[in-house]
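From first to last, the protein sequence lines stand for chains A and B. Each residue of the first sequence is one higher than the one before, counting from 1 in this note's numbering. Each residue of the second sequence is one higher than the one before, counting from 1001 in this note's numbering. Built from N, CA and C at the ideal position, the CB exists for glycine as well. Remember, it's a predicted structure, so these values are computed and weren't measured experimentally. Inspection log for the structure reproduced underneath, given as structure tokens.
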Amino acid sequence: MTPSVVSPEAHPPLRPVEFEILLTLANGERHGYAILQEIAERSRGELQPETGTMYRALRRLVEGGLVRPAARKTAREDDDERRRYYAITALGARVATAEADRMARLVATARLARLLPHTGS
Amino acid sequence: MTGSVDRTEQRLRSAYRMLLRSYPAHFRDLYALDMEETFVDQLRQARREGILALLLLLLTSTADTVTNGWHERLAPQPKGSAMFHWMDVRYAMRLLRRSPMFSLLTVMVLSGGLGLAIFTFSFLHTAILKPIPVSDGDRVVSIRQEVGTNSSPFDAVDIVAMRTGARTLTDVGVYTSRIFVLGDDTHPRVIDATVADWSMFAFTRARPALGRMFKHEDAERGAEPVIVLSQRLWRTAFGSDSGIVDRTILLNNVRTHVIGVMPTGYGFPVASEAWVPLANDVMSTSRFGENEFQVYGRLAPGVNAERAHAELRVLYKRARETDRANASGDVARKIGEQNIISDVAVETFPMAQVGEDGPLILTVLNILAGLILALACINVTNLLLARSNERVRETAVRLALGASRSRLVMQSMWESIILCVAGGAIATAIAAWGLDAINAWTKANLEGNMAFWWVWGLDQSAVIAAGLFVTATIAVLGVVVSGRATSLQFVAVLKDGSARSGSRREGRVVRTLVVTQVATVSVLMFFGVLAGIVAYRVANIDVGFDTRRVMTTVVGLEGDPYAKPELRATMWTNVQRMLSVAPAVNHVLLRRTIGALTDESGEFELKDQAVSDKTTKPRAYIQALEGDVSTLGVTLHSGRLFDSRDAQGGAPVVIVSQAFVDKYFAGVAPLGRQIKIARESAESSTDAPVAGQWRTVVGVTSNLVLGVPLSPTRSAIALFIPLPQLNPRDAEILYTHRGDEAAGQVALYNTLRTLDPKILPPDIRSYDDVLQKTSLIAISTAKLFAVCFAFALLLAVSGTYGLMARNIGQRTREIGVRRALGATDATVIRLLLGQGGRQLGIGVVISLPLMALVGLGFSKFFPIGALTALASALMVGTSIVAVVLLATWIPTRRAVAIELRDALWKE
Chain A
1 MTPSVVSPEA
11 HPPLRPVEFE
21 ILLTLANGER
31 HGYAILQEIA
41 ERSRGELQPE
51 TGTMYRALRR
61 LVEGGLVRPA
71 ARKTAREDDD
81 ERRRYYAITA
91 LGARVATAEA
101 DRMARLVATA
111 RLARLLPHTG
121 S
Chain B
1001 MTGSVDRTEQ
1011 RLRSAYRMLL
1021 RSYPAHFRDL
1031 YALDMEETFV
1041 DQLRQARREG
1051 ILALLLLLLT
1061 STADTVTNGW
1071 HERLAPQPKG
1081 SAMFHWMDVR
1091 YAMRLLRRSP
1101 MFSLLTVMVL
1111 SGGLGLAIFT
1121 FSFLHTAILK
1131 PIPVSDGDRV
1141 VSIRQEVGTN
1151 SSPFDAVDIV
1161 AMRTGARTLT
1171 DVGVYTSRIF
1181 VLGDDTHPRV
1191 IDATVADWSM
1201 FAFTRARPAL
1211 GRMFKHEDAE
1221 RGAEPVIVLS
1231 QRLWRTAFGS
1241 DSGIVDRTIL
1251 LNNVRTHVIG
1261 VMPTGYGFPV
1271 ASEAWVPLAN
1281 DVMSTSRFGE
1291 NEFQVYGRLA
1301 PGVNAERAHA
1311 ELRVLYKRAR
1321 ETDRANASGD
1331 VARKIGEQNI
1341 ISDVAVETFP
1351 MAQVGEDGPL
1361 ILTVLNILAG
1371 LILALACINV
1381 TNLLLARSNE
1391 RVRETAVRLA
1401 LGASRSRLVM
1411 QSMWESIILC
1421 VAGGAIATAI
1431 AAWGLDAINA
1441 WTKANLEGNM
1451 AFWWVWGLDQ
1461 SAVIAAGLFV
1471 TATIAVLGVV
1481 VSGRATSLQF
1491 VAVLKDGSAR
1501 SGSRREGRVV
1511 RTLVVTQVAT
1521 VSVLMFFGVL
1531 AGIVAYRVAN
1541 IDVGFDTRRV
1551 MTTVVGLEGD
1561 PYAKPELRAT
1571 MWTNVQRMLS
1581 VAPAVNHVLL
1591 RRTIGALTDE
1601 SGEFELKDQA
1611 VSDKTTKPRA
1621 YIQALEGDVS
1631 TLGVTLHSGR
1641 LFDSRDAQGG
1651 APVVIVSQAF
1661 VDKYFAGVAP
1671 LGRQIKIARE
1681 SAESSTDAPV
1691 AGQWRTVVGV
1701 TSNLVLGVPL
1711 SPTRSAIALF
1721 IPLPQLNPRD
1731 AEILYTHRGD
1741 EAAGQVALYN
1751 TLRTLDPKIL
1761 PPDIRSYDDV
1771 LQKTSLIAIS
1781 TAKLFAVCFA
1791 FALLLAVSGT
1801 YGLMARNIGQ
1811 RTREIGVRRA
1821 LGATDATVIR
1831 LLLGQGGRQL
1841 GIGVVISLPL
1851 MALVGLGFSK
1861 FFPIGALTAL
1871 ASALMVGTSI
1881 VAVVLLATWI
1891 PTRRAVAIEL
1901 RDALWKE
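Here it is, written out as structure tokens:
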């Protein structure tokens, strides 16, 4: 599918679940259940998106050209069942980086405002 | 254990798959499979964690799927979905271009079926349902008096009473058709004009093409007589002379002022050559029995025909009771008897024109057109299924590569949609051509005899009908195509390498199609054969005598001047004598039928002949005659014809036909024998029967076949009595002209005018003209039906062959296996013919009740006897059996002729 947005700056702000998906896929291709599991683990169970919510987010990311469906393959060597894997695109990586930067700036601003304690040196 | 676990998972997986239908198709195409896999992973995890986790998952998954599914449905469509459809359209177009023969054949079959359906619907819509083309045409109604099953005009007195009390109608007008002689005696022309309220033109809000319409003053007593001409009369009688307005013409020998010409196509309330205003005071001064009129009206806003009928019925019944109270003696009794069976009918003009059988005709003809369309659909379904079989491996590969079934269904659907739309466009053109052709034909052959609203063409309703028929066809074909795509087991296809997967289901579909085809064709062919028989009989109608140059009309002697029988006798004799000597006239015969073979009116007794059972009295056609019987080609066999001795008060005599002699006087001399007619009365059937007297047979004539033409009860067994001894109120005047039909007409008008100027000129018809028109309509209708049914038959033959050939072709390998296991060719042929025979049997059984219904319908409206219907049914049945068995035998022969080795390897 043709990406609708090519510049990461021009991309609209990501929803939390979309950012979580990009973060997960930044570590490599994942199938749907693996994405859900990883998001839940990373957030220590605080964020557990429903299947429908995640796939609707995936649909938006695919249409935006941030994620692409990869080939179907088995999850484990001993498993016959093939799963659809999803991978982050170069644009998706740039958008995720831009979003992470934005969040980092927000965190820095919050520290300056003493909303967060300073850490490190 | 594993098995049970798997089954649970499978069930839950299926349930989840169902839930996923909450999502829109384009979303499902891309993510449904992935979501299902994710759900299965979650399910396995939850089951490992325990029942609570499982329940929680099921609950949240259900809520999540439904909620997100509908959110996704309500979300704006992704840009890509339109692109998918466009890609599918282009793909379908490419496929159709690649198979030009398939595309052409399918479009031809569809355009034929759809064209017939659109044409039939539009034709009948214009004829029966469409509002008439006048202002507020949907609210204009015809109000008729119905006595028993017959429609008749209202008495002026009753109309006045109803008009005064009616609140459901905004305007009520009256009219009657009347014959006028236009021009002088040297160049006369008989015209059929409408005498109507002066306000009639204003009622229809019409404008004249030339001059003006009627004004109130035109209808005042003593005003100068005026006339408005129809476009046709202006064209044919006055050569479209633009200076006709304000000229004076002779109408019934009265100088009449032409004040206007109406535009082409105007013919309210009935087809008419001219309009003459009805004097304003006629209605108010009429006494009961003096004047009768037809009535039209406009429904008040918000009032429907049923409500108007309810109100008018009350007013009518009240008026009729007043009529009865004001009358006395026999007249009061007659009115009372009529009141029991009389009612008011309020209908649109088209419905009134076609009568109470109109809706039935509409339904039957539309069903027939629908059946032909169904046949076309069956054929196209067969072609599409054959095509999908050819592409089954391609479809399976695409499914295996991850294409969703809905996407494949849509792609197949686009193919059907393109074919149907192309077929629909051609069908609409065919229907438009057919409607124009009908219009041109009726204008050329029936102008002046047709309702003015019968103008056919491709109007809005025809286009809407075309759209609906095409949509319905797409839906029908879509169900079949999508059913095929969704049922395909791609694993089986790819493993097997053939189209056998799902073949049992498809076999059922093919068998169902064959059964439907057999049933449909049986009904259509049966209808076609019966219609052909009726058309042949009507086209070759035998009225029982030589009709060349014979003119006929009925004249009534109404009112007080003819109260005494001797005055009527004198009048009838004078009419006969004076008309006989007119230069344009050859033979003249006055006739009044008083008895028929079909009911008690025809009963008689023979003197000196014992009647064993009173309930079975002999019957004959009984007529009173005066004048020259050679008018009807009747000749004298023995004795004498009626003459001056047989006047009123003369000795009671009777003449019998040769057929009568053969039946009742076989071997004895008929002359001098005596016969008594049981009900010797010339009055209406409501009169008490008058006991006859013994009449002496004075002559025997040649046979004259009497009775309703085409009726099975026609017979030449007849008795004739002298008309002066009966003195009826009305009689049929039959006469032959010497070659100039118009002069013949004028001769009768002049005779009647000379004898009694108050007698209204009757409608004189020429048998030649009536029979020619009847024959023309019958032959043309038969040709139209023949084209329709030939198309249906072609569809049936080709379709049945196609279905059987494909079905048997798919079983080639099975046939090979049977042969390899020792079955002989004869056994295989018997087996397949037997299976074809079963489908045939089921189809025929299904069609039997429908055929019985068609047969009953025909016997009700047309002269089709049970034997003819049965013979036709047998002929149709035999033809269908032959077609189906032949359609089975040919591909079976082909299948068994294949080398065994090739058959076993055939895909």
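Gln1623(B) has Thr1593(B), Phe1720(B) as its beta-bridge partners, per DSSP.
Within the segment 1042-1062 of chain B, those residues whose Cβ lies closer than 9 Å to any Cβ of chain A are, in chain order, Gln1042, Gln1045, Thr1060, Ser1061. Spatial neighbours of Pro1565(B) in its own chain (CB-CB distance under 8 Å, excluding positions within 5 residues in sequence) are listed in chain order as Gln1648, Asn1727. Shown here, Glu1217(B) sits in a helix according to DSSP, grouped into three states.
Distance between Arg1729(B) and Gly1602(B), taken at the CA atoms: about 20 Å. CA-to-CA, the gap between His1309(B) and Ser1142(B) works out to about 11 Å. From the beta-carbon of Glu41(A), no residue of chain B is found nearer than 8 Å; the closest lies around 13 Å away. Chain A has a Cβ within less than 9 Å of the Cβ of Tyr1031(B).
The beta carbons of Ile1372(B) and Ala1792(B) sit about 5 Å from each other, so the pair counts as a contact at 8 Å. Ala1678(B) sits in coil when the DSSP states are folded into three classes, being neither helix nor strand. Put simply, the CB of Gly32(A) is near chain B, with a gap under 9 Å to one of its CB atoms. Taking a C-beta distance under 9 Å as the contact criterion, Val1653(B) and Thr1696(B) qualify as a contact pair. For Glu1899(B), the number of other beta carbons within 10 angstroms of its own is below 16, and it is reported as exposed.
Taken through DSSP and simplified to helix, strand or coil, Leu14(A) comes out as coil. By the neighbour-count criterion, in which a residue is buried when 16 or more other Cβ atoms sit within 10 angstroms of its Cβ, Gln1010(B) is exposed.
Legend: CB atoms of the segment 82-106 of chain A lying less than 8 Å from CB atoms of chain B belong to residues Arg83, Arg84. With a contact defined as Cβ atoms closer than 8 Å, Leu1124(B) and Leu1362(B) qualify at about 5 Å. Any Cβ of chain A closer than 9 Å to the Cβ of Asp1088(B) would place that residue at the interface, and such an atom is absent. Leu116(A) is outside the set of residues whose beta carbon lies under 9 Å from a beta carbon in chain B. Collapsing the DSSP output to three states places Lys73(A) in a strand. A Cβ-Cβ contact shorter than 9 Å links Arg1806(B) with Asn1389(B). For the pair of segments examined, the segment 1224-1233 of chain B was found not to touch the segment 1154-1164 of chain B: the number of CB pairs separated by less than 8 Å stays below three.
At a C-beta separation below 9 Å, Arg59(A) has these neighbours in chain B: Phe1027, Leu1030, Tyr1031, Glu1072, Pro1078. The shortest C-alpha to C-alpha distance from Arg1205(B) to any of Val1346(B), Arg1255(B), Gly1137(B) is the one to Gly1137(B). Scanning Pro1133(B), Ala1223(B), Lys1215(B), Asn1252(B) for the CA closest to the CA of Asp1184(B) turns up Asn1252(B). No Cβ-Cβ contact shorter than 9 Å links Asp1628(B) with Pro1722(B). The alpha-carbon separation between Ser1286(B) and Ala1866(B) amounts to approximately 50 Å. In the DSSP assignment, Pro1277(B) falls outside any alpha helix (DSSP H) and lies within the beta strand (DSSP E) extending over 1274-1277.
Check the Cα spacing between Leu1058(B) and each of Thr1008(B), Pro1100(B), Arg1090(B), Leu1104(B): the tightest is with Thr1008(B). Against Gly1069(B), the close residues of chain A are Gly52, in the order they occur along the chain (beta-carbon pairs closer than 9 Å). Gly1297(B) and Trp1441(B) have their C-alpha atoms spaced approximately 31 Å apart. For a Cβ distance threshold of 8 Å, residue set Gly32, Thr51, Gly52, Tyr55 of chain A lies close to Met1035(B), ordered along the chain.
If you check the CB distance, Thr1593(B) and Leu1710(B) do not come in under 9 Å.
DSSP, reduced to helix, strand and coil, places Glu81(A) outside both helices and strands of the structure shown, so it counts as coil. Ranking Ala96(A), Arg30(A), Glu81(A), Ala108(A) by CA distance to the CA of Leu66(A) puts Ala96(A) first.
Contact check for Leu1831(B) against Ala1823(B) passes: the beta carbons are separated by less than 9 Å.
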